[in-house]
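Only one structure is covered here, and it is reproduced in the block below.
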Amino acid sequence: MKKAGILNRHLAGALAALGHGDGVLVCDAGMPIPSGPRVVDLAFRAGVPSFAEVLAGLLDELVVEGATAAEELSGPHRTLLQVRFPGLVRVPHEQLKRLSAGARLVVRTGEASPYANVLLRCGVFF
46 MKKAGILNRH LAGALAALGH GDGVLVCDAG MPIPSGPRVV DLAFRAGVPS FAEVLAGLLD
106 ELVVEGATAA EELSGPHRTL LQVRFPGLVR VPHEQLKRLS AGARLVVRTG EASPYANVLL
166 RCGVFF
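Position one of the sequence shown corresponds to residue 46 (the numbering used here), numbered consecutively onward.
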């Protein structure tokens with residue numbers, strides 16, 4: 046049994062299967078989920094787990110070389126993404142939804158704030 050890191054077996058396994066260039070969509074509870082990618086749904090109740098908690102856990106485990114978020118995102122989530130990803134690409138929300146269809150993995154949170162979604166692009170550790 047793992048004693049640290051991501052304990053959810055479905056999420057840990059999905060992360061281990063990712064490769065360079067793969068997309069991971071971390072999304073709020075209201076984001077439409079495309080039919081192609083594998084989905085790990087962590088949503089339990091409105092706000093639980095939060096977008097920030099899930100993103101922090103994922104970033105502890107993943108190498109990320111780029112990120113894309115909706116232009117419409119504002120407030121603390123926007124600040125969080127701008128701090129974590131200085132090269133953050135911002136696109137209209139409708140375009141982010143289209144881009145998410147190419148993700149390999151979708152991680153749905155319980156976040157109940159609008160536009161709290163980010164598409165991560167996996168990198169390599171060397």
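Every residue, glycine too, gets a C-beta built ideally from N, C-alpha and C.
Keeping to the same chain, check which residues put their C-beta closer than 8 Å to that of residue i; ignore five residues upstream and five downstream.
i           : result
residue 63  : 69, 107, 149, 150, 167
residue 90  : 155
residue 129 : 100, 104, 112
residue 74  : 88, 91, 153, 154, 155, 156, 157
residue 141 : 113, 114, 115, 162, 164
Buried or exposed: which applies to residue i, given that a residue is buried once 16 or more other Cβ atoms fall within 10 Å of its Cβ?
i          : result
residue 61 : exposed
residue 87 : buried
Return the chain-ordered list of same chain residues with a C-beta closer than 7 Å to the C-beta of residue i, the five sequence neighbours on each side being excluded.
i          : result
residue 93 : 155
residue 59 : 83, 85, 150
Please list, in chain order, all residues of the same chain as residue i whose beta carbon is under 6 Å from its beta carbon, the five residues on each side excluded.
i           : result
residue 72  : 153, 162
residue 118 : 160
residue 57  : 51
According to DSSP, is residue i part of a helix, a strand, or is it coil?
i           : result
residue 67  : coil
residue 57  : helix
residue 134 : strand
residue 124 : helix
residue 108 : coil
residue 164 : strand
residue 99  : helix
Identify the residues that DSSP records as bridge partners of residue i: which are they?
i           : result
residue 149 : Bridge partners of residue 149: none, in fact.
residue 113 : 134, 164
task = Could you say if the stretch 130 to 138 and the stretch 90 to 104 meet the contact criterion of at least three C-beta pairs nearer than 8 Å?
result = no
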